Amino acid sequence: MKALSQTSGRVNEVSVRPMDVWGEACQELLAEVAKAKKLGTIPSENARSFWNDALVAFEHGGGECVAGTQAKDEPRASEGIREVQKGISRLASAMSLIRGDLEGR
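Mapped onto this note's numbering, the consecutive letters of the sequence shown carry residue numbers 45 to 149.
Here it is in C-alpha cells:
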C-alpha cells in the first residue's frame, strides 16, 4: 500500500510539469500495481471494493498516461492522470477502512 501511495502521489506531483516526465512516473505506478495484484485479495472485506477500485484506476489510468505520453497525445495522457488521481482517493478510503479494522472499529 505504501508503494502504491508513493508512486500514485508521484504521478499526481508530476502532472503539473511538462508531459515528457509523466510517462516514467506512470510506468513506475504500473509496476507497483502488478506487484500488488500478485499479493492477492486483501483480508479486509470492508476495504476490498475500494482497494480493487484503486487498482483498476491506477492500472487503466497509468496505461493511458503511458500510451498518451508515448504518442505525444496530451489529452489522453491527462485523462490517464485524472483517473490515477481518482484512484488515490479510493486507495485512501481503503487504507482508512483497513486501519479501522485493525483498531477494532
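Glycine included, every Cβ here is placed at the ideal spot set by N, Cα and C.
Being a predicted model, the structure only gives us computed values, none of them experimental.
query	result
I want to check one thing, is the minimum distance from the CB of E118 to the heavy atoms of the ligand ADP below 8 Å?	Although the ligand ADP was asked about, the structure shown includes no ligands whatsoever.
Where does V60 fall in DSSP's three states?	coil
Kindly indicate the opening and closing residues of the alpha helix (DSSP H) around E103.	E89 to Q114
Quick one: measure Cβ to Cβ for A101 and E72, integer angstroms, because I've assumed they're closer than 8 Å.	Contact flag wrong, Cβ pair sits at about 16 Å.
Check for me: the alpha helix (DSSP H) holding M139 runs from which residue to which?	E118 to L146
Which whole-angstrom value describes the C-beta separation of L135 and S52, a residue pair presumed to lie in contact below a C-beta threshold of 8 Å?	7 Å
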